[in-house]
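Chemist: Protein chains in written order, with the working numbering: chain A, 4 to 201; chain B, 1356 to 1710.
Here's a structure for you.
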């Protein structure tokens, strides 16, 4: 799958790179869906000997290929929240020298980054690579509810039902973009939803 | 002078009003007949007698009612006040700064009696007489930042300084111009300003950050910022925008003078001694157009500024749709005469309206 080039944006919007191998005491990979391809591209036998892969397939067929890399530890689970305790424990028990690699959707990378920051890892020390869906994890600024995998602008908050426009303003702590009511000044005047990058 | 505190509201029936004294001391933000972003920072070392610049923390006729409004906002949404765990010491620094400043600047309203770490704080306008132990959180009903900012007008952002940047790691934010502390907490200086148009490209934030990183203890700075608000609503939060946004559509040519308010922020910046954090009080002043028009210089100037403001700024500040109606109103108060430089009303020297 080809990589998406995000348009230039404001300073709070995250910028993703390309995973590169680094020397480390241990290597933790957290990925979803097509993020698996970024792991397959960067993995070396030396890294995998000290490697731990946590993968959320989201219906994609990469699990066998990742297992074939022969990491020291491997987990595949249905959702990020199913994997969350395992991620938190791994980060809490991590020693100096852990290298962290995140790949896949923005929602997955953002949540894993927030967990790593909670564990005391500065976000600048974390490698990220976007692959697959460009859908966003959105927080409704009004009800604070999170709507996952939003790919249109505007969209309907899955909690309070307000019509929200998709901002580029992003909170690393919440791992979410901000959604704000689009028709507050003209109730019912909601433009037809378009793809976020259309 | 003794302050007569107004009994007024900033919501529902909007009984807020400015006395003649409050109008004359309103911090009109335009020093010339046009406006563009600038760092516009100056030392906060007093100012003309009875101006909002005179004291370190200005206390005015709206004090008691503003604190009641803050309590209502917090009861509805406690996340308007947050402090990350490493910011508690900065909260104590802020409590000390405000208590010392107010008791020295307004001895008839506030008293601070210190005996070692045993402090007695008397806030007469709010009826508080409280003895506590400095640096012992268990002796206060709230954390130190929340305790003192429930007794101080304006919002407060408390910024940690590290990695040559400032981080929004604590704050009390209930009178904001449409930004969310709950969303922005933990962001650095460039990130929380990310949505502001034009200013990044002009290098404003790089220069402003450089200035702020170098603010020293005892040498605070200040600047004015402004926007527009329909009705004297203090809590123009994004959280509640779906409720208050509709009020912008209630303007008519008849009610505009009373309903349309110029909203000015007096932003000050103080270095805090123990934490080396920076506190950024953002004090909001509201004045209706019809009250502003009682100062002929401000009437002439406001018309010219609003007329010539770039579209991006009028959009960002949220009044692009209402600008034509505002200009119809304001043009009645612009006779084309020149205006004197500076923000002050100059009532004794500027001519009355010539039409």
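The beta carbon of each residue, even a glycine, is placed where N, CA and C say it ideally should be.
#1: Sorted by chain position, which residues of the same chain lie with C-beta nearer than 8 Å to residue 1689 of chain B's C-beta, five sequence neighbours on each side aside?
#2: If you reduce the DSSP assignment to three classes, tell me which class residue 1495 of chain B lands in.
#3: In three-state DSSP terms, what is residue 156 of chain A?
#4: Listed in chain order, which residues of the stretch 105-130 of chain A have Cβ atoms closer than 8 Å to some Cβ of chain B?
#5: Which ranges does the alpha helix (DSSP H) cover as unbroken runs of at least 4 residues, wholly within the stretch 1429-1514 of chain B, from first to last along the chain?
#6: In whole angstroms, give me the CA-to-CA distance for residue 167 of chain A and residue 1572 of chain B.
#7: How many Å lie between residue 1380 of chain B and residue 1517 of chain B at the Cα?
#8: For residue 1538 of chain B, go through chain A and note every residue whose CB falls closer than 8 Å to its CB, in chain order.
#9: Just checking, does the stretch 1665-1675 of chain B make contact with the stretch 1683-1697 of chain B on the three C-beta pairs under 8 Å criterion?
#10: Which bits of chain B does residue 165 of chain A rub up against, with CB to CB less than 7 Å?
#11: Starting from residue 1653 of chain B, trace the alpha helix (DSSP H) both ways and give me its first and last residue.
#12: Leaving aside the five residues before and after residue 1695 of chain B along the sequence, list all residues of the same chain whose C-beta is less than 8 Å from its C-beta, in chain order.
#13: Within 7 Å (strictly less), CB to CB, does residue 14 of chain A reach chain B?
#14: Taking the alpha-carbon positions, what's the residue 1590 of chain B to residue 125 of chain A distance?
#15: So, for residue 1581 of chain B: in the same chain, excluding its five sequence neighbours on each side, which residues have a beta-carbon less than 6 Å away from its beta-carbon?
#16: Do residue 187 of chain A and residue 1597 of chain B have their beta-carbon atoms positioned less than 7 Å apart in this structure?
#17: Is there at least one Cβ from chain B nearer than 7 Å to residue 95 of chain A's Cβ?
#18: My understanding is that residue 1492 of chain B touches residue 1436 of chain B, with C-beta atoms under 8 Å, so please give their C-beta distance in whole angstroms.
#19: With a 10 Å radius around its C-beta and 16 neighbouring C-beta atoms as the bar for buried, classify residue 82 of chain A as buried or exposed.
#20: What's the call for residue 1451 of chain B, buried or exposed, on a 16-neighbour Cβ count within 10 Å?
#21: Nearest CA to the CA of residue 1595 of chain B: which residue from B:1532, B:1480, B:1664?
#22: Given that a residue counts as buried once 16 or more other Cβ atoms are within 10 Å of its Cβ, and exposed if not, what is residue 191 of chain A?
#23: Which stretch, first to last residue, makes up the alpha helix (DSSP H) that contains residue 45 of chain A?
#24: Can you name, in chain order, every residue of its own chain whose Cβ lies under 8 Å from the Cβ of residue 1645 of chain B, other than the five neighbours on each side?
#25: Below 8 Å, how does it come out for the stretch 1529-1546 of chain B and the stretch 1410-1428 of chain B: are there three or more Cβ pairs, yes or no?
#26: CB-CB under 7 Å to residue 1606 of chain B, same chain, minus the five flanking residues each way: which ones, in chain order?
#27: Mind listing the chain B neighbours of residue 188 of chain A? Cutoff is C-beta to C-beta under 7 Å, in chain order.
#28: On the premise that residue 97 of chain A lies in contact with residue 75 of chain A, defined as a C-beta separation below 8 Å, what is that separation, rounded to the nearest angstrom?
#29: How would you call residue 1413 of chain B, buried or exposed, if buried means at least 16 neighbouring beta carbons within 10 angstroms?
#30: Taking only beta carbons into account, state which residues of the stretch 1547-1573 of chain B come closer than 7 Å to chain A, listed in chain order.
#31: List the residues of chain B whose Cβ lies closer than 8 Å to the Cβ of residue 184 of chain A, in chain order.
#32: If we ignore side chains and look at the alpha-carbon of each, how far apart do residue 148 of chain A and residue 1664 of chain B end up?
#33: Can a CB atom of chain A be found closer than 7 Å to the CB of residue 1541 of chain B?
#34: Quick one: grab the DSSP three-state call for residue 67 of chain A.
#35: For the beta strand (DSSP E) containing residue 1636 of chain B, list its first residue and its last residue.
#36: Rounded to a whole number of angstroms, what is the C-alpha to C-alpha distance between residue 162 of chain A and residue 143 of chain A?
Modeler: Reading off the structure:
#1: 1654, 1655, 1658, 1659, listed in sequence order.
#2: Assigned with DSSP and collapsed to three states, residue 1495 of chain B falls in coil, not helix or strand.
#3: Strand.
#4: Legend: CB atoms of the stretch 105-130 of chain A lying less than 8 Å from CB atoms of chain B are not found in any residue.
#5: If only complete runs of 4 or more residues are kept, the stretch 1429-1514 of chain B shows the alpha helix (DSSP H) at 1443-1460, 1499-1504, in order along the chain.
#6: Between residue 167 of chain A and residue 1572 of chain B, the C-alpha separation is close to 44 Å.
#7: Distance between the alpha carbons of residue 1380 of chain B and residue 1517 of chain B is about 37 Å.
#8: The contacting residues are 142, 144, 172, 174, 177, 181.
#9: No, they do not touch.
#10: Result: 1597.
#11: Counted as a single uninterrupted DSSP element, the alpha helix (DSSP H) harbouring residue 1653 of chain B occupies residues 1651-1663.
#12: Result list for residue 1695 of chain B: 1652, 1701, 1704, 1705, in chain order.
#13: Interface residue (Cβ-Cβ distance to chain B less than 7 Å): residue 14 of chain A is classified as such.
#14: A straight-line Cα-Cα distance of about 34 Å links residue 1590 of chain B and residue 125 of chain A.
#15: Around residue 1581 of chain B, the same chain offers 1384, 1619 as residues with beta carbons nearer than 6 Å, after the five sequence neighbours per side are excluded.
#16: Contact flag set, yes.
#17: Judged by the 7 Å Cβ criterion, residue 95 of chain A is not in contact with chain B.
#18: That pair is no contact at about 15 Å.
#19: By the neighbour-count rule (16 or more Cβ atoms within 10 Å), residue 82 of chain A is not buried but exposed.
#20: Around the beta carbon of residue 1451 of chain B, 16 or more other beta carbons sit within 10 angstroms, so the residue counts as buried.
#21: Of all alpha-carbon atoms in B:1532, B:1480, B:1664, the one lying nearest the alpha-carbon of residue 1595 of chain B is that of B:1532.
#22: Per the 10 Å Cβ criterion, exposed.
#23: Its alpha helix (DSSP H) spans residues 38-45.
#24: Answer for residue 1645 of chain B: 1612, 1613, listed in chain order.
#25: Taking 8 Å as the limit for Cβ pairs, the verdict is that the stretch 1410-1428 of chain B does touch the stretch 1529-1546 of chain B.
#26: Apart from the 5 residues on each side of it in sequence, residue 1606 of chain B sits with its Cβ closer than 7 Å to the Cβ of 1585, 1614, 1615, 1677, 1680 in its chain, given in chain order.
#27: Correct list: 1600, 1601, 1603, 1604.
#28: About 14 Å separates the CB atoms of residue 75 of chain A and residue 97 of chain A; that is not less than 8 Å, and the two are not in contact.
#29: With 16 or more other Cβ atoms within 10 Å, it is buried.
#30: Residues passing the 7 Å Cβ filter: 1549, 1550, 1555.
#31: Chain B residues near residue 184 of chain A: 1596, 1597, 1600.
#32: Going from the Cα of residue 148 of chain A to the Cα of residue 1664 of chain B covers about 37 Å.
#33: Yes - at least one Cβ of chain A is within 7 Å of the one on residue 1541 of chain B.
#34: DSSP places residue 67 of chain A in helix when its eight states are reduced to three.
#35: Segment 1633-1643, the beta strand (DSSP E) holding residue 1636 of chain B.
#36: Going from the Cα of residue 162 of chain A to the Cα of residue 143 of chain A covers about 9 Å.
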